[in-house]
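Heads up, the numbering used here is the position in the sequence shown plus 50, with the first residue counted as 1. A virtual CB, placed ideally from N, CA and C, is assigned to each residue, including glycine. Fair warning: this is a prediction, and the values are worked out from it, not measured in the lab. A short worksheet on the structure shown next.
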Amino acid sequence: MEMNTERQLLARLFSREIEIWRGEAPLAPVFWGYGVALSSVLLGSYGATIYFVWPRAEQFLLICLGLYTLWILVAIWRCSAHPNSIWNLLARMLTVAWAVNVALILLFRELDLLTLFLAS
Numbered sequence: 051m052e053m054n055t056e057r058q059l060l061a062r063l064f065s066r067e068i069e070i071w072r073g074e075a076p077l078a079p080v081f082w083g084y085g086v087a088l089s090s091v092l093l094g095s096y097g098a099t100i101y102f103v104w105p106r107a108e109q110f111l112l113i114c115l116g117l118y119t120l121w122i123l124v125a126i127w128r129c130s131a132h133p134n135s136i137w138n139l140l141a142r143m144l145t146v147a148w149a150v151n152v153a154l155i156l157l158f159r160e161l162d163l164l165t166l167f168l169a170s
């Protein structure tokens with residue numbers, strides 16, 4: 051019974067994100083709000099960890115950035131699937147480019163962090 055209550059609470063708290071994940075939300079607010087604005091905040095926070103040399107926080111944010119990128123890539127892909135337009139295609143292309151960029155950041159920063167952790 052308690053597990054069901056927790057699931058209902060989580061479903062209520064994240065109802066918007068679940069709607070977005072399923073592709074049931076309009077593309078523009080998902081792309082600009084979650085895809086651009088929230089990604090920029092996450093990337094800015096990540097940049098601060100590099101600037102202030104906080105390797106453990108950087109490692110944590112790398113994981114968050116990777117998981118978030120997977121989520122937003124799927125969400126934008128699904129939200130842009132319905133009506134065919136140039137904006138849907140552009141949203142998909144830009145999101146794929148963002149995902150490739152994040153994948154390269156993850157790869158090279160992980161290698162840097164690995165050498166840092168092994169050296170200490």
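### Query
Going by the CB atoms, is the gap between residue 77 and residue 129 shorter than 8 Å?
Translated into the one-based positions of the sequence shown, residue 129 becomes position 79. Translated into the one-based positions of the sequence shown, residue 77 becomes position 27. The criterion of a C-beta distance shorter than 8 Å is satisfied by residue 129 and residue 77.
### Query
First and last residue of the alpha helix (DSSP H) that includes residue 163?
Here residue 163 corresponds to residue number 113 of the sequence shown, with the count starting at 1. Element bounds for residue 163: 136-169.
### DSSP state of residue 78 mapped onto helix, strand, coil
For the purposes of this step, residue 78 is identified with residue 28 of the sequence shown, where counting begins at 1. Residue 78: helix per DSSP, three-state reduction.
### Task
Evaluate the contact criterion for the stretch 98-108 versus the stretch 55-72: three or more CB pairs, one atom per stretch, below 8 Å.
No, the stretch 98-108 is not in contact with the stretch 55-72.
### Query
Roughly how many whole angstroms lie between the Cα atoms of residue 71 and residue 121?
Within the sequence shown, numbered from 1, the residue matching residue 71 stands at position 21. Within the sequence shown, numbered from 1, the residue matching residue 121 stands at position 71. Using only the alpha carbons, I get a separation of about 7 Å.
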